[in-house]
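Reading through the structure tokens given below for one structure.
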Amino acid sequence: MLPGTSAAQNEAQKANPVKPSPESLARGKKIYNVDCALCHGENGDGKGDMASDIKNITDFTNPDVQKSATDGQWFQIIRKGKGDMPPEDNGRAKDDDVWSMVNYIRAFGKK
-3 MLPGTSAAQN EAQKANPVKP SPESLARGKK IYNVDCALCH GENGDGKGDM
47 ASDIKNITDF TNPDVQKSAT DGQWFQIIRK GKGDMPPEDN GRAKDDDVWS
97 MVNYIRAFGK K
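Start counting the sequence shown at -3; every next residue gets the next number (our numbering).
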């Protein structure tokens, strides 16, 4: 850890070790569709079937949202959960799977 920084700050600065290859994107999409699409929407627009029951669902198609977080921050949010969003903890997904999900949600901003 760098002096004067917290563990969370260091985690947020981590670079994504998984390249956004077709395999990574396919893996990220598979997990996203099972665990995330109900709220965040199949197209990442925050308009999933459960979205009306939850406030402030992230729209991954919004360029400002994409710019608002580093890959490390997205990893932390997915891994630990946020608000009503449950965590994708170690028992549910390996780190490489979570990084693949980060790659997949980043792809929404490029469409």
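Ideal Cβ placement from N, Cα and C applies to all residues, glycine included.
Which residue or residues does DSSP assign as beta-bridge partners of residue i?
i     : result
Asp81 : For clarity, residue 81 is Met in the given sequence; the question names Asp instead. Answer is Lys78.
Whose CA, out of the options, lies closest to the CA of residue i?
i     : options                    : result
Ala33 : Pro83, Ala47, Arg88        : Ala47
Asn99 : Gln9, Lys51, Leu21, Gly87  : Leu21
Asp93 : Pro16, Glu7, Asn6          : Pro16
Asn86 : Trp95, Asp80, Gly79        : Trp95
Asn39 : Asp49, Ile50, Lys51, Asn58 : Asn58
Lys90 : Pro18, Gln9, Ile27         : Ile27
Asp9  : Trp70, Pro82, Thr54        : The sequence given here has Gln at residue 9, not Asp. Per the Cα distances, Trp70.
Report the rounded CA-to-CA distance for residue i versus residue j, giving the unit in angstroms.
i     : j      : result
Phe56 : Ile101 : 6 Å
Asp31 : Asp67  : 19 Å
Lys25 : Met97  : 7 Å
Pro13 : Phe104 : 19 Å
Ser64 : Ile53  : 14 Å
Pro18 : Lys106 : 15 Å
Measure the Cβ-Cβ separation of residue i and residue j and say whether it is below 8 Å.
i     : j     : result
Glu7  : Gln62 : no
Pro82 : Arg75 : no
Using a Cβ-Cβ cutoff of less than 6 Å, which residues in the same chain neighbour residue i once the five nearest sequence positions on both sides are dropped?
i     : result
Gly37 : Lys43, Gly44
Asp80 : Ile50
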